[in-house]
Amino acid sequence: MHRNEFRTDVEEETGLGQDDNGGNNIEMKKEFFGDLSFEVVILFIFGIFMLIFGTLLFRIHTGELPYTPDSTYGLFLVIVSLQIIALGRTPFGDIRRSWIVIIIGVCTTAAGMIACFIPGYLSDFVRILAGLMLFFGGISLLLQLFLADGKAKRWLAVPGVLRHLTLACALVYIISAILGIITLLPGIAEDTLTAAILLVYGVCIFYLSFCLHRTNTIYPQEEEKILSESAEKRTLLFSVAAIPLQVAIIIPVGFLLVLLGFLLVPVNLGMIPFSPDGQLGLLMVVMAIQMMALGETPAGECRRSWLLMVIGVVFAGAGIFSCVVPGITTGILTELIGFLNIAGGVILLLKRFGPVLLNRGKQGAENDPIPPVLKNLLIIQTILNFVSISFGASMFLPGIIPGMAIAGILVLNGILIFALASAVLKIDRMQSAEITG
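Per UniProt numbering, the sequence shown starts with residue 1, numbered consecutively.
#1: Quick check: Leu256 and Val286, are their CB atoms within less than 8 Å of each other?
#2: Please classify Gly399: does DSSP put it in a helix, a strand, or coil?
#3: Going by other Cβ atoms of all chains shown within 10 Å of its Cβ, with 16 needed for buried, is residue 489 buried or exposed?
#4: Does Ala421 pass the burial test, meaning 16 or more other C-beta atoms within 10 Å, or should it be called exposed?
#5: Please state whether DSSP places Arg352 in a helix, a strand or coil.
#6: Which of helix, strand or coil does DSSP assign to Arg154?
#7: Check whether the Cβ atoms of residue 438 and Lys426 lie closer than 8 Å to each other.
#8: Based on the DSSP output, what are the partners of Arg89 in its beta bridges?
#9: Taking 6 Å as the limit between beta carbons, can you name the residues of its chain near Gln290, skipping five residues before and five after?
#10: When you compare only the Cα positions, how much space is there between Leu65 and Asn359?
#11: What do you reckon, are the CB atoms on Ile85 and Gly105 nearer than 8 Å?
#12: If you check the beta carbons only, do Leu43 and Leu208 fall under 8 Å apart?
#13: DSSP has Pro301 in a bridge; who is on the other side?
#14: Assign Ala189 to one of three DSSP states: helix, strand, or coil.
#15: Enumerated in chain order, which unbroken segments of the beta strand (DSSP E) with a length of 3 residues or greater are wholly contained in the region 255-290?
#16: Suppose the cutoff is 6 Å on Cβ atoms and the five residues either side in sequence are ignored; what does the same chain contact list for Ala168 look like?
#17: Any idea if Arg127 is buried or exposed, counting beta-carbon neighbours within 10 angstroms, 16 or more meaning buried?
#18: Here's the rule: buried if 16 or more other CB atoms are within 10 angstroms of the residue's CB, otherwise exposed. What is Cys323?
#19: Nearest CA to the CA of Leu269: which residue from Ala405, Ile415 and Ala318?
#20: Go through its chain and collect everything with a Cβ distance to Ala299's Cβ below 6 Å, but skip five positions before and after it.
#21: Using the C-alpha atoms, what's the distance from Ala393 back to Val172?
#22: Look at Gly312 and Ile205 and say whether their C-beta atoms are less than 8 Å apart.
#23: Can you say whether Leu416 is buried or exposed, counting buried as having 16 or more other CB atoms within 10 angstroms of its CB?
#24: Taking the alpha helix (DSSP H) that Asp124 falls in, what are its first and last residues?
#25: Apart from the five residues just before and just after Gly254, which ones in its own chain have a Cβ nearer than 6 Å to its Cβ?
#26: In this structure, how does DSSP classify Leu36 when only helix, strand and coil are distinguished?
#27: Between Ala130 and Ile182, what straight-line distance do the alpha-carbon atoms span, to the nearest angstrom?
#28: Beta-carbon separation of Val161 and Ile218 under 8 Å?
#29: Would you mind reading off the limits of the alpha helix (DSSP H) that contains Gly112?
#30: At the level of alpha carbons, what is the spacing between Phe396 and Gly278?
#31: Using 8 Å for Cβ pairs, my map puts Val424 next to Val267. What's the rounded Cβ distance?
#32: Could you name the residues of the same chain whose beta carbon sits closer than 7 Å to that of Gly93, not counting the 5 residues immediately before and after it, in chain order?
#33: Quick test of your reading: Met284 and Phe315, contact by CB under 8 Å. State the CB separation rounded to the nearest angstrom.
#34: Consult DSSP for Tyr173 and reduce its assignment to one of helix, strand or coil.
#35: Is it right to say Arg89 is buried, meaning 16 or more other beta carbons lie within 10 angstroms of its own, or is it exposed?
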């Protein structure tokens, strides 16, 4: 396998082939994202979350459906944290994506994941944290919109999409603050009123995501300005985290698997409870975000199409439903995730080694030696695929494969994801050095 062919295979399989400026290059973003930014995808997922939650809350109020607030608030925190880690955009405003910001994002991700996996231990904490984010975030963003640098005044002076963007932002920020109060003070509003507010909130978030998408399309220079400003250097923990956006997104995935693996140890010992619905729901939502934002599927990277986006929406909806309402989709999602892991691992192995095996022995099939760093990457990917198959098999054979073995598989899977990201970053730095040299 030639070096360039191997590199192309790596990029197609992982979606981690990057630019030379720490992932902040507009060309990279357009190559992987088309004209649909990661922020728009996150907002869209968030809008789906609010619409589904609002719809279900009517039936939860009447007692027709069960409800798990821990995994609901936990999922909220994870979605918010993904935006913090990937873009440096917090509930309180945009800041530079420094290492300290990423660490904060990972901490809030951990809180959300634990709430999804282990019910009852962080119930009040995640509720209060979500409420504070909604209330103070909404107030802070509303003040920034109308007072900081005359942003709203400048936008309203321009006919067209910027006026819609101003209105959409204002509506989302105001409703965020209202929901924050309702979250911080349980019982202050009837469930039916809360459900109606959630539905309106979801519609407003869709409106905001559409306006933001149109703004990014019409005024791409504004987005370029934001990204270039975020590339300025700092020192220590406040230095800019020059990691590609795709790597920033898979950091929570690796962390999720490692954390889940460690938590399964006391779960298997009967020391703490466990919510399979929260686990499955969170995995489905994260998978949906990767599909819709990056075009990454369990079987490798695909060109984003309407079909892939629809599949992503279905996966997100199923994951959100599982987090909010336990016990209904557990079996279906268990089998689906198991099948996707097995099929994805097998397909990626065939894509990687199939051509090599077919060309073996053919005349003129001599290949250049693979550089050590690429060979290490190939080894990591191959082990990761086998671990993925093992994890998928454990979903179908819960009584045959020991719980401790499943915990070990998850931890190994997460560690391999970190190793994969590290190897790709090393290759990118080498390529960057060759270009600048």
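Every residue gets a Cβ at the ideal spot worked out from N, C-alpha and C, and that includes glycine.
Let me spell this out:
#1: Yes.
#2: Reduced to three states, the DSSP call for Gly399 is coil.
#3: One cannot answer for residue 489 here, as it falls past the ends of the chain, which runs 1 to 437.
#4: Label assigned to Ala421: buried.
#5: Note: Arg352 maps to helix in three-state DSSP.
#6: Per DSSP, reduced to three states, the secondary structure at Arg154 is helical.
#7: Residue 438 lies beyond the range of the chain shown here (1 to 437); nothing can be said about it.
#8: Beta-bridge pairing links Arg89 to Asp94.
#9: Correct list, in chain order: Glu296.
#10: Asn359 has its alpha-carbon roughly 57 Å from the corresponding atom of Leu65.
#11: Gly105 sits close to Ile85, with the two beta carbons spaced by under 8 Å.
#12: By the CB criterion at 8 Å, Leu43 and Leu208 fall inside the cutoff.
#13: It is Glu, not Pro, that sits at residue 301 in the sequence shown. Answer is Glu296.
#14: Looking at Ala189 - three-state DSSP - the assignment turns out to be coil, as it is neither helix nor strand.
#15: Within the region 255-290, complete beta strand (DSSP E) segments of at least 3 residues are not found at all.
#16: In the same chain as Ala168, and ignoring 5 residues on each side of it, the C-beta atoms closer than 6 Å to its own belong to Tyr207, Leu208 and Cys211, in chain order.
#17: Of the residues assessed, Arg127 falls on the buried side of the cut-off, its CB having 16 or more other CB atoms within 10 angstroms.
#18: Within 10 angstroms of the beta-carbon of Cys323 lie 16 or more other beta-carbons, which makes it buried.
#19: Nearest C-alpha to Leu269: Ala405.
#20: Closer than 6 Å at the Cβ level, and outside the excluded window around Ala299, lie Gly344 and Ile347.
#21: Their Cα atoms are separated by approximately 43 Å.
#22: No, Cβ-Cβ distance for Gly312 and Ile205 is not below 8 Å.
#23: Counting of Cβ neighbours within 10 angstroms places Leu416 among the buried residues, the total reaching 16 or more.
#24: For Asp124, the enclosing alpha helix (DSSP H) starts and ends at Ser123 to Leu147.
#25: If we look at Gly254 and ignore the five residues flanking it on each side, its Cβ neighbours are Gly414, Ile417 and Phe418.
#26: Assignment of Leu36 by DSSP, reduced to helix, strand and coil, places it in the coil class.
#27: C-alpha separation (whole angstroms): 11 Å.
#28: For Val161 and Ile218, yes; Cβs fall inside 8 Å.
#29: In the DSSP annotation of this structure, the continuous segment of the alpha helix (DSSP H) that includes Gly112 starts and ends at Trp99 to Phe117.
#30: Note on geometry: alpha-carbon atoms of Phe396 and Gly278 lie some 18 Å from one another.
#31: Distance from Val424 to Val267 at the Cβ level is roughly 32 Å; contact not present, criterion being Cβ atoms closer than 8 Å.
#32: Short of 7 Å from the beta carbon of Gly93, and not among the five residues preceding or following it, lie these beta carbons of its own chain, in chain order: Ser140, Leu141 and Gln144.
#33: In this structure Met284 touches Phe315 by the C-beta definition: roughly 5 Å separates them, less than 8 Å.
#34: Reduced to three states, the DSSP call for Tyr173 is helix.
#35: With 16 or more other Cβ atoms within 10 Å, it is buried.
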